[in-house]
Amino acid sequence: MSEILAALGQIFVPINIIGLIFGTFIGILIGAMPGLSVNMGIALLFPLTFAFQGIGGILMLLGIYCGAIYGGSISAILLKTPGTPASAATTLDGYPMAVKYKQPGRALGLSTFGSMFGGIFSTICLILLAPQLAKVALQFSKPEYFALAIFGISIITSVSSGSILKGIIGGVIGLFISTIGIDAMSGKVRFTFGTTYLMGGLSFVPVLIGLFAFSQVLATMEECYKKPYEKYDVTINKVFPSPSDIKRVFVTLIRSSFIGTFIGCVPGTGGDIASFISYDQAKRWSKYKDNFGNGEPEGIIAPEAGNNAVSGGAMIPMLTLGIPGDGATAIMLGALMVQGLQPGPLLFTQHASSVYAIFIGLLLANIVMGFFGFSLIRIFTKVINIPKEILLPIVFTLTFVGAYSYNNSINDVFVMVFFGFLGYFLNKMQFSMSAIVIGIILGAMAEANFRGSLIMSDGSLAIFITRPICAIFLFISLLSLLAPLYAPFIKKLFKKAKA
Amino acid sequence: MKKRILLLGLVTALVSGAMVGCGGQKPYPKAGDVTVIVPKAPGGGTDTAARGLVQYMKPNLEGVNFVVTNKPDGGGVTGMVETAKAKADGYTLGLVTVELAMFPHQGKANVTFEDYIPICAPIAAPAALVVPADAPYDNLDEFVAYCKENPDQIQVGNSGVGAIWHSAALAFEEEFDVSLKHIPYPNGTADIAAALTGGHINATMADPSSFKSQVEAGSLKILGIMADNRSAIYPDVPTFKELGYDMTIRAWAALVAPKDTPSEIVEQLRAAAKVTCESEEFKNYFANQGIDPQAIIGEDCYEMMQEDHAMYGELLKKLDIQ
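Chains as they are written, first to last, in the working numbering: chain A, 1 to 499; chain B, 500 to 821.
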């Protein structure tokens, strides 16, 4: 108890609170800008933490971390342009609700509520279950990572509304893209055509900006030609989700938060995977399955709760084991060490008050994030009211700025434009962008861990069946892949039983 | 009218010529920003080292303004090539990493250490032999004996085939005439730490600073470090050299200038780097982040790059990577 009081004493110093609020606000802006990633934001503001005494700088980084994951959803919903890869899944239902049904306030309110809930839920998990979850995460070896990746890839059939075949083709395109570059398992280079640029693989963020933002600009431009200018006028009555909405999404909220926390605490995975898996599970268990992809509230809340829940989850291995789960927590680990706090099992006994301060700081960051989110919704939604003739050139310019600034590379800009046109035509042919994105995110993970497992087992495939966690994940993936085949039979059976 | 335009043009040319002249007359480095190209993404080890170095070097080089630019694409090669091709006037510097000594032998880069003039290397992380604390071996000799008893069975984690920590394991195999099982972890040392702590692999030969908290918590132990001198972070761990094996594997990052940079500018930079690397604030900055700071200046740095280039040329021949 005295430690908690000491922790509160560390946090409630004006400069620390200002740091936290400033960090969260900057984080939201960074997240909302396509091309500026969570990691980049944290890395660039990291030197500022030296200026703080004690825990203050860490609080600022926590604020950026939470804010940036949330911020990505704003542009995903209003512009169909995910600000960060973690928000790609949010475009699926967020954009239709905001633009097609003219309810941007409702969409943003749901995403803010989901993000805040997911963040707080995962922080509570972090406080209560950190040692246990860390133990489970440590059980993950290469076969389990492979099974997790396959589980993720099996989602393609559910996010690709319409043709499953086109979803699979999209997924294969994504998998192919993920093989470009130096192959870490053999050291050889693949599909680079002798260029240096492709040696590191295609950068994911420029591809994402091209597929979503640039192609969307092209599509909207086309619409502008066809239709005469019509003025949208969206007024927002309230920003907080209605009780009926909350009731409708509550189970999804809990499920997604748990998925996000768990994915977060497995090192090497992150918000992009968590949001897609949450979306898929929400759709699978929903009463309103057919409404997904068409502005379904659960389809917004699931990925947003899922990706923000990663924040608390990722802190678990970082704090308890000293193992950072992603780039953002790796930089935070450095920041903690600069303050003389060495993460690991000893941190909890030697610096208990600092650990509590981080816990409380993460809670506060999520609350501040929600506060900013809800109070800024009215301003954000003005974006919808901007005439397309003015908005389009701005987004158009931002796609170039974002693609360039990610790696300071002009080649990334060419890649972005290429994938922009590709995305435009694939969209016309009703291919799913999400399937491609899932392929890119999970392709490298699936391949490297499959081949790594076989090295470990001297080539025996039995390694995937004899390990329980791995076998269970693979079994569930198989079930979900084959669902379209056997689902009608089960439905028939149920109907018979009822009758 | 024509005359006036001509005049206007002449005056513009004259004035801008004069301005350029002024710039030239100012002693280095006052005439503009000095760009430092970092061939890795923000937040990684190389980036941290680069930003730390220029931050503490700034006061030692009057009037300079360093601008760090990250160019991580192409696996880091693009950034290094750009530094090599930059105008050699001291206003573009760059970081190069140990990959510069490895990639040319694998056909992955067409630049070598000879394309640069080194200023200093602030970090050179050695490879350390790290094993779980409950492993049945407590020193290097016991580990080697265990490897000989179980050929091709000891699973050693590395950061990708053909990358630095894989090379460390290859060099280990050659030195001790053993055969190991190499398990790649392409995302880097954090994943190796997780796999070691979880008991999925038997050992790794990698930068010991990535395993500090696990070693302190007693779940991992370090049997030896492949370096000439003991690490400031682990003063109790013996070096391979002390144990009688001359092995040096180090992941360095060096601040360099393009090849033809005038020598007086290079000297000025080296002098500033020397003062910086030997200062207490600088050492503390790195030590606080669990990194062992180095002060490898000028010609020493060139020698290190040259030695490693030759060593990897031999070592990577064994590996079929083209």
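Backbone N, C-alpha and C define an ideal beta-carbon position, used for all residues, glycine too.
Of the residues assessed, E304 (chain A) falls on the buried side of the cut-off, its CB having 16 or more other CB atoms within 10 angstroms. When B:F710, B:E741, B:E715 are compared, the shortest CA-CA separation from M725 (chain B) is found for B:E741. Contact of S186 (chain A) with chain B by beta-carbon distance below 7 Å involves V660.
P757 (chain B) is bridged by DSSP to B:Y615. Nearest Cα to L78 (chain A) within the set A:S141, A:S453, A:I379: A:I379. Under a 10 Å Cβ-count criterion, M429 (chain A) is classified as exposed, with fewer than 16 other Cβ atoms of the shown protein chains found around its own Cβ.
For the pair A76 (chain A) and D245 (chain A), the Cα-to-Cα distance works out to about 20 Å. If one requires a minimum length of 3 residues, the beta strand (DSSP E) runs lying completely within the stretch 670-742 of chain B are 680-683, 702-705, 719-725, in chain order.
DSSP places I796 (chain B) within a strand segment (E or B) once states are collapsed to three.
Taking a 10 Å sphere around the C-beta of Y486 (chain A), we find fewer than 16 other C-beta atoms and assign the residue as exposed.
Counting only Cβ-Cβ distances below 9 Å, T577 (chain B) has contacts in chain A at T196, Y197, M199, G200, N407, S409, N411, in chain order. Of the residues B:V765, B:P792, B:L768, the one whose Cα lies closest to the Cα of E777 (chain B) is B:P792. In the structure shown, A462 (chain A) falls within a coil segment according to DSSP collapsed to helix, strand and coil. P631 (chain B) has B:L719 as its beta-bridge partners, per DSSP. Contiguous beta strand (DSSP E) elements confined to the stretch 574-618 of chain B occur at 591-596, taking only those with 3 or more residues. Against chain B, a Cβ distance below 7 Å from G268 (chain A) picks out N686, D690. Taking the Cα positions, K226 (chain A) is about 50 Å away from D532 (chain B).
Contacts with chain B at 7 Å (Cβ-Cβ) include Q342 (chain A). The Cβ neighbour count for V566 (chain B), taken over all protein chains shown within 10 Å, is under 16; the residue is labelled exposed. Residues of chain A whose Cβ lies closer than 8 Å to the Cβ of D572 (chain B) are, in chain order, Y197, G200, S203, N407, S409, N411, D412.
Interface criterion met: the Cβ of S141 (chain A) is under 7 Å from a Cβ in chain B. Taking 7 Å as the cut-off between beta carbons, the residues of the stretch 556-569 of chain B near chain A are T568, N569, in sequence order.
In the DSSP assignment, the residues bridged to N657 (chain B) are B:P683. Within the DSSP bridge table, the entry for F565 (chain B) names B:V533 as partners. Between the beta-carbon of T179 (chain A) and that of G443 (chain A) there is about 7 Å, and that keeps the pair under the 8 Å contact cut.
With fewer than 16 other CB atoms across the displayed protein chains lying within 10 angstroms of its CB, G812 (chain B) is exposed. Residues of chain B whose Cβ lies closer than 9 Å to the Cβ of L321 (chain A) are, in chain order, A692, A693, T696, S712, Q713, A716, S718. If you draw a straight line from the Cα of F371 (chain A) to the Cα of F113 (chain A), it comes to about 10 Å.
Listed along chain A are S141, each with a C-beta nearer than 7 Å to that of H699 (chain B).
For G531 (chain B), no Cβ of chain A is located within less than 7 Å of the residue's own Cβ.
One thing to note: G41 (chain A) has its Cβ no nearer than 7 Å to the Cβ of Y406 (chain A). Nearest in C-alpha terms to L364 (chain A), of all of A:I472, A:C66, A:M445, A:I465, is A:C66. In the same chain as T269 (chain A), and ignoring 5 residues on each side of it, the C-beta atoms closer than 6 Å to its own belong to I263, in chain order. For Q53 (chain A), the number of other beta carbons within 10 angstroms of its own is below 16, and it is reported as exposed. With its beta carbon at least 7 Å from every one in chain A, P617 (chain B) lies outside the interface. Proximity to P538 (chain B) across B:N609, B:M579, B:L814 peaks at B:M579, based on C-alpha coordinates.
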